[in-house]
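In our numbering, the protein residues as written are 3 to 128. Idealized CB from N, CA, C, for every residue including glycine. Everything below concerns the one structure shown next.
Structure (structure tokens):
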């Protein structure tokens, strides 16, 4: 469904496989299942957060409950969706995640530019 909307999709067999190939400078979002072999989707989300990686996540599950949903949202999830997924709802949340990631990326670039300008001013004063 996502590819049919012209968006590139990458799939991974596990959280570890994702982390091994992840490039923090890439634009996108994470659609992650709660129940994964090895590291759970929530643990993956927490790992990314602890590493300072602001990759927006949409957490999906076949059997959600309130504590799991709260944990996902506290970890910064855009949404917590139960299967079966409705295509419109998933796509709407992917667009929200892309928008959040774009704004975050622009903000970080602006901060880096300001730091560089301040560094140049400090060098000029020396």
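Helix, strand or coil at residue 63 according to DSSP, with G and I counted as helix: strand
Residue 46, DSSP secondary structure in three states: helix
Beta-bridge pairing of residue 34 - partner residues as DSSP gives them: 61
Selected residue, minimal CA-CA separation from residue 7, among 94, 109, 119 and 122: 94
As assigned by DSSP and simplified to three states, the class of residue 79: strand
Bridge partners - residue 84, DSSP secondary structure assignment: 63
For residue 72, the three-state DSSP class (helix, strand or coil): helix
Run of the alpha helix (DSSP H) containing residue 20, from where it starts to where it stops: 17-23
Close beta carbons around residue 78, own chain, < 8 Å, minus the five adjacent residues each side: Spatial neighbours of residue 78 in its own chain (CB-CB distance under 8 Å, excluding positions within 5 residues in sequence) are listed in chain order as 47, 51, 56, 58 and 59.
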